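Novice: This is the structure, below, for whatever I ask next.
Protein chains: 2
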Amino acid sequence: MTTTLAPLTEPWSPAEFEARLRAVGEGRYHDRHTFNIRMHQGDLTQAEVRRWITNRFHYQRHIPVKDALITAKLDSPRLRRMWLRRIEDHDGRSEGEGGIERWLRLGEAAGLDRRTLLSGEAVLPGVRLAVEGYVNFCRLRSPLEAVAASLTELSAPDLMRTRIEAFERHYRWIAPEGLAYFRTRVDQGRRDSGEALELVRQWARTRTDQEKAVAALSFKCDVLWSLLDAVQHADGQGQDGSRESM
Amino acid sequence: MTTTLAPLTEPWSPAEFEARLRAVGEGRYHDRHTFNIRMHQGDLTQAEVRRWITNRFHYQRHIPVKDALITAKLDSPRLRRMWLRRIEDHDGRSEGEGGIERWLRLGEAAGLDRRTLLSGEAVLPGVRLAVEGYVNFCRLRSPLEAVAASLTELSAPDLMRTRIEAFERHYRWIAPEGLAYFRTRVDQGRRDSGEALELVRQWARTRTDQEKAVAALSFKCDVLWSLLDAVQHADGQGQDGSRESM
């Protein structure tokens with residue numbers, strides 16, 4: 001009698017692999033975080049909205065840095081061009097354009113000073129650690145893991161749409177032009193996540209690599225979750241509390 | 001009696017600092033390497049020209065990688081845009097464009113197969129080490145040092161002009177279209193070195209930093225010199241010799 005022994009861990013089928021990646025987003029994405037739920041229900045005070053914008057800006061301004069680190073891991077002009085476009089999306093093709101500039105304008109629409117945002121002085125310790133952790137993950141891990149971590153973009157377009165509605169309804173003190181960042185990210189996020197998912201599917205051929213990709217996406221969800229934890233729990237704690245009373 | 005004690009090492013004046021940087025290029029740039037002198041005098045065999053093109057391609061294809069690592073060290077959209085343009089110069093804005101493609105066409109004009117060039121299989125050990133050393137320098141050192149290392153571009157435009165003349169005169173078996181890479185680099189090199197020199201002058205305010213910048217440029221000259229050493233001394237040594245007999 002001959003039996004064919006399957007390897008101990010066979011790769012998941014492409015469909016199952018994708019389903020497992022999507023399940024991470026459904027279970028662990030920061031749309032489920034209390035602070036995000038409160039934001040979208042209109043329950044945040046003006047000080048809380050400003051605190052979130054200020055701290056999330058620290059994340060936003062590091063996106064091109066992590067994307068440059070990913071670019072350096074890619075071994076063909078075609079793949080690097082794909083990632084360069086992401087850097088351009090955030091840095092702009094020229095001064096006054098791009099996602100970082102749009103985020104600064106969101107801050108201004110919410111009554112925050114551009115220079116204070118750029119100074120980074122109001123950024124919370126937990127937010128600094130979360131961003132540092134994400135940048136170093138992209139610096140030190142494999143191209144597969146660094147790209148898989150970007151797959152939170154699979155869930156981002158839905159979040160952006162909900163957020164635009166929530167801000168238009170609940171936070172009318174922020175001028176609608178301030179929401180341009182969220183509007184731009186709906187299409188950019190859809191395109192970026194489609195490209196990244198295709199790369200991750202091509203690159204992760206073994207079960208080990210598939211599991212590494214799932215773990216990378218899970219780590220990235222922790223980064224975003226941890227950022228909101230810090231923003232949520234900052235109330236009345238020293239530095240941040242005193243800034244809010246200004 | 002009061003005396004004003006100067007710090008042990010005062011910064012060089014901007015003019016002296018620039019002169020010291022230029023002196024490194026004048027003394028240590030690879031235009032003085034025997035292999036380059038022989039190339040420009042028309043003394044290389046066809047096999048030697050091909051060996052140089054093949055091995056230098058390994059350097060060329062890593063330029064966008066080191067530039068992406070430098071981009072990740074820059075903290076403003078303005079500076080990153082400056083460096084992104086360098087990556088685009090080599091990778092192209094779309095397929096079939098850019099410096100890497102132009103180098104592949106130089107190889108084809110010299111009778112080399114594009115697939116062999118892309119495979120990297122004929123790259124000499126010393127060339128691999130030189131390129132790895134340069135990429136890691138840009139990965140691990142300060143932005144000042146990584147940018148200062150790029151200042152070999154100060155000497156590159158002159159070298160490119162001499163090279164175009166030398167190839168047109170001595171290596172007529174290479175079709176003139178093959179020299180497009182060298183032609184493009186005259187202007188790109190002038191612009192790149194001007195920008196980089198300005199950054200290095202702004203950033204290196206202490207004597208210690210000025211000396212680090214000079215040392216970085218000196219290291220980069222060693223990289224280029226070492227690459228030519230490997231190409232020069234490969235004659236008849238095992239792998240490479242056997243490939244040349246093909």
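Order-wise, the sequence lines are chains A and B.
Be aware that the first sequence starts at 1, since it is given in the UniProt record's numbering, and climbs by one per residue.
Be aware that the second sequence starts at 1, since it is given in the UniProt record's numbering, and climbs by one per residue.
Beta carbons: idealized from backbone N, C-alpha and C, even for Gly.
None of the values given here were measured: they were computed from a predicted structure.
Would Leu124 of chain B pass as a contact of Asn55 of chain B if the rule is Cβ separation under 7 angstroms?
Specialist: Position 124 of the second sequence, counted from the start, is the residue given in the question as residue 124 of chain B. Position 55 of the second sequence, counted from the start, is the residue given in the question as residue 55 of chain B. A contact, by the Cβ cut-off of 7 angstroms.
Novice: Determine, using beta-carbon pairs with one atom in the segment 63-70 of chain A and one in the segment 36-53 of chain B, whether at least three such pairs fall under 8 angstroms.
Specialist: Short answer: they don't touch.
Novice: Which word fits Asn36 of chain B, buried or exposed, when buried means at least 16 other C-beta atoms lie within 10 angstroms of its C-beta?
Specialist: Position 36 of the second sequence, counting from 1, holds the residue named residue 36 of chain B. Answer is buried; the Cβ neighbour count reaches 16.
Novice: Taking only beta-carbon positions, decide if Val65 of chain B is within less than 7 angstroms of chain A.
Specialist: Locating residue 65 of chain B in the second sequence gives position 65, counting from the first residue. Closer than 7 angstroms: yes.
Novice: In angstroms with no decimal places, state the Cα-to-Cα distance between His90 of chain A and Arg38 of chain B.
Specialist: Within the first sequence, residue 90 of chain A is the residue found at index 90, counting from 1. Within the second sequence, residue 38 of chain B is the residue found at index 38, counting from 1. Using only the alpha carbons, I get a separation of about 47 angstroms.
Novice: Counting Cβ pairs, one atom from each stretch, are 3 or more of them under 8 angstroms apart for the segment 93-107 of chain B and the segment 10-26 of chain B?
Specialist: No, the segment 93-107 of chain B does not touch the segment 10-26 of chain B.
Novice: Kindly indicate if chain B contains any beta-carbon less than 7 angstroms away from that of Gln100 of chain A.
Specialist: Within the first sequence, residue 100 of chain A is the residue found at index 100, counting from 1. Note that residue 100 of chain A is Ile in the sequence shown here, rather than Gln. Output row for Ile100 of chain A: interface = yes.
Novice: Rounded to the nearest angstrom, what separates residue 251 of chain B and Phe182 of chain B at their Cα positions?
Specialist: Any answer about residue 251 of chain B is impossible in this case: the structure gives chain B only from 1 up to 246.
Novice: Give the straight-line distance between the Cα atoms of Leu217 of chain A and Leu224 of chain A, rounded to the nearest whole angstrom.
Specialist: Taking the first sequence and counting its residues from 1, one reaches residue 217 of chain A at position 217. Taking the first sequence and counting its residues from 1, one reaches residue 224 of chain A at position 224. C-alpha separation (whole angstroms): 11 angstroms.
Novice: Any C-beta of chain B within less than 9 angstroms: which residues of the segment 77-104 of chain A qualify?
Specialist: Against chain B - using a Cβ distance shorter than 9 angstroms - the residues of the segment 77-104 of chain A are Pro77, Arg78, Arg80, Arg81, Trp83, Leu84, Ile87, Glu88, His90, Asp91, Gly92, Arg93, Ser94, Glu95, Glu97, Gly98, Ile100, Glu101.
Novice: In terms of residue numbering, what span does the alpha helix (DSSP H) encompassing Ala230 of chain A cover?
Specialist: On the first sequence, position 230 is the one that residue 230 of chain A refers to. Its alpha helix (DSSP H) spans residues 207-232.
Novice: Using a Cβ-Cβ cut-off of 6 angstroms (strictly less than) and excluding sequence neighbours within five positions of Arg243 of chain B, which residues of its own chain qualify?
Specialist: Here residue 243 of chain B refers to the residue found at position 243 when the second sequence is read from its first residue. The predicted position of Arg243 of chain B is uncertain, since its pLDDT is 46 and thus under 50; no value can be drawn from it.
Novice: Give me the Cα-Cα distance between Glu177 of chain A and Asp229 of chain A, rounded to the nearest whole angstrom.
Specialist: The residue labelled residue 177 of chain A in the question sits at position 177 within the first sequence. The residue labelled residue 229 of chain A in the question sits at position 229 within the first sequence. When rounded, the distance between both Cα atoms is 28 angstroms.
Novice: Shortest alpha-carbon distance to Ser150 of chain B belongs to which of B:Glu165, B:Glu198, B:Ile174?
Specialist: Taking the first residue of the second sequence as position 1, residue 150 of chain B is located at position 150. Looking at the Cα atoms, B:Glu198 is the closest of the given residues.
Novice: Using a C-beta to C-beta distance shorter than 7 angstroms, which residues of chain C count as neighbours of Leu69 of chain A?
Specialist: Judged by its chain identifiers, the structure shown contains no chain C, and its protein chains are A and B.
Novice: When DSSP labels each residue in this structure, what does Glu244 of chain B get in the three-state scheme?
Specialist: Within the second sequence, the letter at position 244 stands for residue 244 of chain B. Note that Glu244 of chain B has pLDDT 45, beneath the 50 cutoff, so the model's placement of it is unreliable and the number below is only indicative. Residue state, collapsed to three classes: helix.
Novice: Let's see if you can read the secondary structure: which residues bound the alpha helix (DSSP H) around Val123 of chain A?
Specialist: Position 123 of the first sequence, counted from the first residue, corresponds to residue 123 of chain A. Unbroken run through Val123 of chain A: none, as it is neither H nor E.
Novice: Once DSSP output is grouped into helix, strand and coil, what is the label at Leu159 of chain A?
Specialist: Taking the first sequence and counting its residues from 1, the one referred to as residue 159 of chain A is at position 159. In this structure, Leu159 of chain A counts as helix in the three-state DSSP scheme.
Novice: Helix, strand or coil: which one does DSSP assign to Tyr59 of chain A?
Specialist: Translated into the one-based positions of the first sequence, residue 59 of chain A becomes position 59. Here Tyr59 of chain A sits in helix by DSSP.
Novice: Contact between the segment 9-22 of chain A and the segment 67-79 of chain A is defined here as three or more beta-carbon pairs at a separation below 8 angstroms; is this criterion met?
Specialist: Flag = no, the segment 9-22 of chain A and the segment 67-79 of chain A do not touch.
Novice: According to DSSP, is Tyr171 of chain A helix, strand or coil?
Specialist: By one-based count along the first sequence, residue 171 of chain A stands at place 171. If DSSP states are grouped into helix, strand and coil, Tyr171 of chain A belongs with coil.
Novice: By Cβ distance below 8 angstroms, which residues in the same chain neighbour Ser155 of chain B in space, the five residues on each side in sequence not counted?
Specialist: For the purposes of this step, residue 155 of chain B is taken as residue 155 along the second sequence, with counting starting at 1. Cβ neighbours of Ser155 of chain B beyond the five flanking positions: Gly25, Glu26, Tyr29, Asp31.
Novice: What do you reckon, are the CB atoms on Ser193 of chain B and Ala130 of chain B nearer than 7 angstroms?
Specialist: To locate residue 193 of chain B, count along the second sequence from 1; it is residue 193. To locate residue 130 of chain B, count along the second sequence from 1; it is residue 130. Their beta carbons are not under 7 angstroms apart, which means Ser193 of chain B does not touch Ala130 of chain B by this criterion.
Novice: Is Leu189 of chain A helix, strand or coil when you go by DSSP?
Specialist: Within the first sequence, numbered from 1, the residue matching residue 189 of chain A stands at position 189. Reading off the sequence shown, one finds Gly at residue 189 of chain A, where the question assumed Leu. Helix at Gly189 of chain A.
Novice: Would you kindly work out how many angstroms separate the C-alpha atoms of Gln232 of chain A and Arg128 of chain A, rounded to a whole number?
Specialist: For this step, residue 232 of chain A is matched to residue 232 along the first sequence. For this step, residue 128 of chain A is matched to residue 128 along the first sequence. Whole-angstrom Cα-Cα distance: 15 angstroms.
Novice: Ignore the nearest five residues each way along the sequence and tell me which others in Ala196 of chain A's own chain have a CB closer than 7 angstroms to its CB.
Specialist: As a first step, residue 196 of chain A is located in the first sequence; it is residue number 196 there, counting from the start. Excluding sequence neighbours, Ala196 of chain A sits near Val147, Ser150, Leu151, Glu153.
Novice: Can you give the Cα-Cα distance for Thr10 of chain B and Phe137 of chain B, rounded to whole angstroms?
Specialist: Residue 10 of chain B sits at position 10 when you count from the first residue of the second sequence. Residue 137 of chain B sits at position 137 when you count from the first residue of the second sequence. Reading off the sequence shown, one finds Glu at residue 10 of chain B, where the question assumed Thr. Each residue's Cα considered, the two are about 27 angstroms apart.
Novice: Measure the beta-carbon distance from Arg102 of chain B to Ala180 of chain B and round it to whole angstroms, keeping in mind my assumption that it falls under 8 angstroms.
Specialist: Counting from 1 along the second sequence, the entry for residue 102 of chain B is found at position 102. Counting from 1 along the second sequence, the entry for residue 180 of chain B is found at position 180. The pair is a contact, with the Cβ atoms about 5 angstroms apart (cut-off 8 angstroms).
Novice: Near Val200 of chain A, what residues of its chain come up, given a Cβ to Cβ distance below 8 angstroms and the 5 sequence neighbours on each side ignored?
Specialist: Taking the first residue of the first sequence as 1, we reach residue 200 of chain A at position 200. Around Val200 of chain A: Leu21, Leu144, Val147, Ala148, Leu151, Ala213.
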